[in-house]
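Undergrad:
Chains as they are written, first to last, in my numbering: chain A, 4 to 700; chain B, 4 to 700.
(1) List the endpoints of the continuous alpha helix (DSSP H) containing residue 653(B).
(2) Taking DSSP as the reference, what is the three-state secondary structure of residue 115(A)?
(3) With distance defined between alpha-carbon atoms, name the residue in 555(A), 399(A) and 447(A) nearest to residue 475(A).
(4) Using a Cβ cut-off of 9 Å, pull out every chain B residue sitting near residue 426(A), in sequence order please.
(5) So residue 401(A) contacts chain B; which residues on that side make the cut at Cβ distance below 7 Å?
(6) Can you tell me whether residue 500(A) is buried or exposed? The criterion is at least 16 other CB atoms within 10 Å of its CB, across all chains shown.
(7) Whose C-beta lies closer than 8 Å to the C-beta of residue 592(A) among residues of the same chain, with five residues either side of it excluded?
(8) Three-state secondary structure (DSSP) at residue 380(B)?
(9) Give the straight-line distance between the Cα atoms of residue 136(B) and residue 508(A), rounded to the nearest whole angstrom.
(10) I'd like to check one pair, residue 285(A) with residue 333(A): are the Cβ atoms closer than 7 Å?
(11) Quick one: which chain A residues come within Cβ less than 8 Å of residue 352(B)?
(12) Express the C-alpha separation of residue 596(B) and residue 668(B) in angstroms, rounding to a whole number.
(13) Can you confirm whether the region 302 to 312 of chain B touches the region 277 to 292 of chain B when touching is taken to mean that 3 or more C-beta pairs between the two stretches lie within less than 8 Å?
(14) In whole angstroms, give me the CA-to-CA distance for residue 646(B) and residue 537(B).
(15) In whole angstroms, what separates the C-alpha of residue 585(A) from that of residue 218(B)?
(16) What three-state label does DSSP hand residue 256(A) in the structure shown?
(17) In the region 229 to 278 of chain B, which residue ranges form an unbroken alpha helix (DSSP H) of at least 4 residues, counting only runs that do not cross its ends?
(18) What is the residue span of the alpha helix (DSSP H) that residue 591(A) lies within?
(19) What number of angstroms, rounded off, separates the C-alpha of residue 451(B) from the C-alpha of residue 128(A)?
(20) Quick one: any contact between the region 201 to 216 of chain B and the region 156 to 168 of chain B, if contact means 3 or more CB pairs under 8 Å?
(21) If you count every other CB in all the chains shown that lies within 10 Å of the CB of residue 18(B), and 16 or more means buried, which is it?
(22) Using DSSP's beta-bridge definition, name the partner residues of residue 685(B).
(23) Using a Cβ cut-off of 7 Å (strictly closer), state whether residue 540(B) contacts chain A.
(24) Can you tell which of 472(B), 425(B), 331(B) and 88(B) has its C-alpha closest to the C-alpha of residue 411(B)?
(25) Taking the alpha-carbon of residue 614(A) as reference, which of 570(A), 662(A) and 649(A) has the nearest alpha-carbon?
(26) In the region 383 to 468 of chain A, which residue ranges form an unbroken alpha helix (DSSP H) of at least 4 residues, counting only runs that do not cross its ends?
(27) Quick check: the Cα distance between residue 514(A) and residue 550(A), rounded to an integer number of angstroms?
(28) Within its chain, find whatever has a CB closer than 8 Å to the CB of residue 665(A); leave out the 5 residues flanking it on each side and keep chain order.
(29) Which stretch, first to last residue, makes up the alpha helix (DSSP H) that contains residue 328(B)?
(30) Relative to the alpha-carbon of residue 369(A), which residue among 431(A), 393(A), 34(A) and 349(A) has its alpha-carbon at the smallest distance?
(31) Sort 119(B), 73(B) and 102(B) by Cα distance to residue 92(B) and report the nearest one.
(32) Please report whether the beta-carbon of residue 295(B) lies at a distance below 7 Å from any beta-carbon of chain A.
(33) Using the rule of at least 16 other Cβ atoms within 10 Å of the residue's Cβ for burial, across every protein chain shown, is residue 38(B) buried or exposed?
(34) Just the chain B side, please: which residues come within less than 9 Å of residue 142(A) by C-beta, in chain order?
(35) Alpha carbon to alpha carbon, how far is residue 689(B) from residue 695(B)?
(36) Would you say residue 684(B) faces chain A, with C-beta separation under 7 Å as the test?
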């Protein structure tokens with residue numbers, strides 16, 4: 004990856020022909036403010052983010068489709084090409100194909116094979132061979148202008164030989180065609196066939212003769228590492244992992260990085276890729292919240308880790324109760340050894356005890372009475388939190404935030420989960436993400452913005468690699484399909500969704516009352532619908548009890564220690580068999596085994612008669628040409644076992660409608676003979692979800 | 004109108020705040036290739052043509068809606084403004100309003116009051132008064148921070164007084180509010196009301212205090228004269244108007260400009276605005292087509308006026324059979340005297356006898372055998388037509404076409420109907436339309452491209468003021484509604500449709516077999532659905548007989564003379580009462596009387612129970628504040644009289660659902676008492692269409 008991205012040219016004429024007009028002459032150019040159109044117009048290129056002002060995104064080797072409307076005047080043949088330019092200027096040229104003649108729609112599947120700033124353009128062009136082939140095939144058959152058509156074919160192929168560089172082997176079929184077209188001893192149809200031979204077509208498909216090549220502007224494409232799209236996350240409060248309550252005194256001993264580190268092998272064994280830590284900084288004591296969000300904490304209450312900052316330090320410091328930087332480094336090293344990346348929570352807000360409050364009061368908002376403004380949603384007050392103000396001293400505040408991030412990058416963190424980014428200026432996030440990427444393009448930022456669509460999409464457009472989603476609140480089939488189509492459609496060019504069935508802040512009624520069937524279902528859907536999903540610690544234990552009146556857990560870890568006694572669920576323990584850890588392990592193993600699940604844009608829904616049963620598939624062609632296909636069928640009703648018929652969109656799976664295949668359920672290890680229409684029975688009586696691998700007969 | 008358009012800035016940052024950050028400090032700017040987002044993000048501005056690379060269009064005083072997604076971080080108030088900048092740099096500032104909080108959708112209705120190159124931008128901004136008003140209203144009512152909130156209100160208003168220029172009268176309500184907010188002798192609610200008084204709000208709506216003003220790029224807006232959007236056209240073959248056949252010999256005497264001129268008063272009396280002439284140039288004799296498109300013309304056959312060019316001259320010449328330039332000038336002058344504009348047919352193709360063929364063979368395509376290529380659609384041949392080639396010598400060919408156009412502009416033509424523009428390079432049209440507009444911005448070009456949507460929309464985007472449409476082939480309610488919604492929706496920002504029920508090339512089965520009811524219906528729909536419609540001469544006479552196997556008229560005027568004996572239909576004539584001229588006159592009078600019909604984007608459809616009865620309305624607020632509303636109800640089945648119920652979208656008409664109004668049918672002069680649900684009876688038994696004016700009770 005290059006640190007200096009190539010200049011892109013979103014403002015260049017999208018269009019004056021750069022390829023040859025055979026006459027070699029240039030047409031007069033339309034004067035500004037008109038923006039010259041190309042000789043062969045190319046319109047409506049997709050993906051295109053904010054009209055090309057922001058990059059489309061992919062991860063390395065992620066297949067995506069470029070579409071464009073390409074057409075021309077008159078009846079001559081038109082053709083189109085996608086050109087991807089990599090960070091060092093190498094061009095990857097991909098032929099497009101017309102998929103709708105009436106709408107002049109052209110498509111090509113492309114993938115960028117290295118991280119960094121790429122660009123892409125579509126080139127429309129006139130296809131003299133295509134024109135000749137079309138006309139000659141009709142006219143020679145009708146014996147209209149036969150000699151003339153055959154000679155014109157020879158001349159087109161001579162141009163193709165003269166004007167395009169070819170090896171002798173590549174030139175051979177064209178030379179043979181020229182000879183054959185002019186061989187007047189042979190019948191006209193034979194001479195025509197010499198010019199339209201499949202070898203001729205193949206050579207001209209690979210190295211076409213192109214007239215009037217009309218490129219669009221170069222559109223930016225930001226290619227990031229695969230973890231930006233694909234990964235299974237596991238969230239922990241580090242202080243809970245190893246926390247112990249004295250059964251006699253009731254007093255807690257906090258967990259630390261050293262004790263939390265001991266939990267890492269179990270997380271890795273379940274097959275997770277990322278361990279995400281809620282904030283690890285010193286916690287304020289002023290207006291500290293007590294258990295269950297009560298207003299007054301007792302002296303033993305640890306406080307919310309989101310109330311950041313105390314005399315022990317701020318965002319660049321570690322809560323001394325958790326350990327030292329050495330302990331943190333050891334934790335990160337152990338995670339890395341186990342194949343886990345560490346994601347850190349970035350909550351840019353301060354407790355009243357944060358060092359910034361005295362050292363940099365200009366980074367807060369001062370009220371008319373001279374006090375610093377605490378967080379409010381009138382009339383609600385959050386007196387334990389001082390929001391940062393990025394506008395009083397943007398240069399200073401931005402630089403300090405950048406310094407803080409670098410502290411953690413220097414300690415091995417490459418993923419930041421950003422708390423409530425939608426309460427800070429969007430332009431700040433754009434700046435800091437881009438500034439970090441200049442030297443650390445490997446860094447991934449996850450946006451925890453549970454807010455309106457415009458903000459969520461814009462945060463993604465300006466740089467966040469990943470975004471939390473509305474997944475937790477989409478429980479019906481119609482709304483899941485609608486939402487996932489949006490996410491896997493145009494939005495996938497810039498926003499990568501992360502699906503979480505629960506978090507420490509979210510426990511929906513569906514999860515409160517759906518029972519273990521719901522917890523299996525929602526984990527499986529999250530894991531299969533999108534490439535990045537996450538589980539909050541304790542999900543294995545179906546921690547479904549909410550604080551009355553709230554949609555979050557009772558005795559929330561945000562305000563107190565929690566000892567989950569993991570050992571009780573191990574073999575031989577008193578609660579053996581009462582954990583979903585094995586189910587999650589299976590889901591993660593399926594994800595690792597099936598590269599189709601590492602992608603988002605390949606999501607296809609299939610019709611099921613029952614409005615509560617959803618079916619979808621993912622299909623991906625691998626570099627070796629083989630295909631990976633996974634079909635998921637899920638009963639979304641956690642309370643009833645349902646039977647229905649799944650109607651598969653067979654072409655979307657690469658089959659003809661009449662074909663059959665072996666369907667192997669990776670959850671239950673059962674196998675069936677499936678075709679277009681298939682009976683299913685799913686629900687609490689057995690399993691809520693089939694995850695089916697396909698075996699071709 | 005200025006000849007030199009102002010530079011627009013489609014490539015400028017759409018975004019770094021230019022308005023004040025109250026701290027006066029600037030934030031660090033995100034480095035390229037990232038495109039900095041605004042402090043207050045503004046996304047998805049509409050209208051936006053080709054991402055802002057091509058102008059949105061309107062005509063002078065045409066109302067249109069600007070929409071944008073505007074939002075911000077946190078809970079503070081956001082606001083937005085549209086700024087239109089006229090050709091001399093004067094800014095027209097229009098407040099936007101939020102119409103969907105969840106989607107952060109903002110809209111404003113705007114209109115540009117002069118022709119020329121304008122630009123527009125949307126500014127998102129932080130609204131300190133809005134923030135205070137929201138918070139203070141809640142907090143003072145709950146008695147939270149009451150004194151502080153009232154003082155902060157006084158300070159916001161002091162800023163509004165200090166930072167925005169106001170007359171003493173404008174400042175007064177704000178000064179009073181400051182005093183009232185600080186008047187500690189009064190109750191808190193009274194002090195709050197002093198700060199939220201309607202006069203305060205009105206003053207701040209008109210002259211707001213704006214922080215973090217974040218403008219989008221300037222997008223181009225091309226404002227053209229009203230005839231570009233609104234007009235009724237009447238098509239004639241000039242040689243037919245006054246042509247007479249000798250009843251004995253069967254020989255024809257051609258019509259001329261002098262005889263055709265005599266038809267102009269009748270066209271004007273019917274209320275048409277534009278008289279459109281098929282080509283008037285010398286006609287070739289080589290391979291001339293005979294009657295009914297037969298291959299070999301007799302010596303008396305006049306030939307198709309689309310086979311342009313003979314030894315008498317080409318596109319800059321007049322067919323000597325029609326007259327001289329003096330005759331043409333007289334024709335144009337008479338038309339002008341009658342309030343008619345002359346539209347000229349531009350068919351850029353040549354007969355083999357055109358002077359270009361010998362003088363400029365480089366402007367044609369030469370085949371491998373040295374011959375000039377005639378028009379083909381293999382295996383069909385059109386040997387009477389040589390298409391021009393604009394690529395062999397673009398500089399020369401473009402300059403010549405430009406010269407030809409200027410000849411006709413110099414003879415008073417301001418409207419060109421372009422024959423088959425989709426068979427010439429799109430970039431040619433863009434160039435010539437823009438080049439003409441530099442000195443003749445009044446010139447209007449109508450695209451006769453009956454082809455695929457991409458070409459039609461792109462020709463409009465690059466400059467054509469008007470476009471023929473699929474109207475003739477949209478006969479069902481669902482397809483008319485779908486198509487008109489497209490045309491009156493986003494496409495209306497760049498494409499202005501012209502609806503023609505028939506042309507000299509088009510006679511659909513619906514018109515062949517629908518009888519006079521169909522001809523009334525299709526004229527009325529065309530005249531009422533869109534602001535520009537056209538009638539081909541003879542429509543009055545229901546000339547419905549097609550050439551067998553073709554969807555055009557038998558004995559088509561393209562290939563022969565036609566004497567319609569107009570006098571026979573006059574009062575006292577043998578065919579008195581057999582013409583639809585009176586109906587067309589009525590339609591055109593209604594169009595002139597109702598300014599709502601001069602607009603396209605105001606089209607609204609209403610539900611009718613019968614799938615064959617369509618209802619729509621147009622509503623427009625006039626500069627004097629009055630409203631013009633027209634409702635049209637049409638039975639699309641020309642063979643049956645049908646009864647049904649029309650369900651009006653009352654708010655779209657400016658009424659509440661429970662209200663009633665006087666409905667006056669301008670066709671039959673009947674009146675009814677109408678409300679939300681209304682009985683109608685329409686069809687061949689009476690009239691196929693109601694055109695209803697509204698009288699408020």
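C-beta atoms are modelled at their ideal positions from N, C-alpha and C, and glycine is treated no differently.
As the structure is a computational prediction, the values presented were derived from the model and not from experiment.
TA: Let me lay it out:
(1) Taken as a continuous stretch (DSSP letters only), residue 653(B) belongs to no alpha helix (DSSP H), as it is neither H nor E.
(2) coil
(3) 555(A)
(4) 76, 77 and 78
(5) 30 and 31
(6) buried
(7) 274
(8) strand
(9) 31 Å
(10) no
(11) None at all; the shortest Cβ gap to chain A is about 11 Å.
(12) 14 Å
(13) yes
(14) 30 Å
(15) 54 Å
(16) strand
(17) 260 to 263 and 267 to 272
(18) 584 to 596
(19) 24 Å
(20) yes
(21) In this prediction, residue 18(B) has a pLDDT of 34, which is less than 50 and means its spatial position is unreliable; what the coordinates show is noted afterwards. Counting Cβ neighbours within 10 Å, residue 18(B) comes out buried, since at least 16 surround it.
(22) 645(B)
(23) no
(24) 331(B)
(25) 649(A)
(26) 397 to 413, 429 to 442 and 456 to 465
(27) 13 Å
(28) 674, 675, 676, 677, 697, 698, 699 and 700
(29) 328 to 340
(30) 393(A)
(31) 119(B)
(32) no
(33) buried
(34) 379, 381 and 382
(35) 16 Å
(36) no
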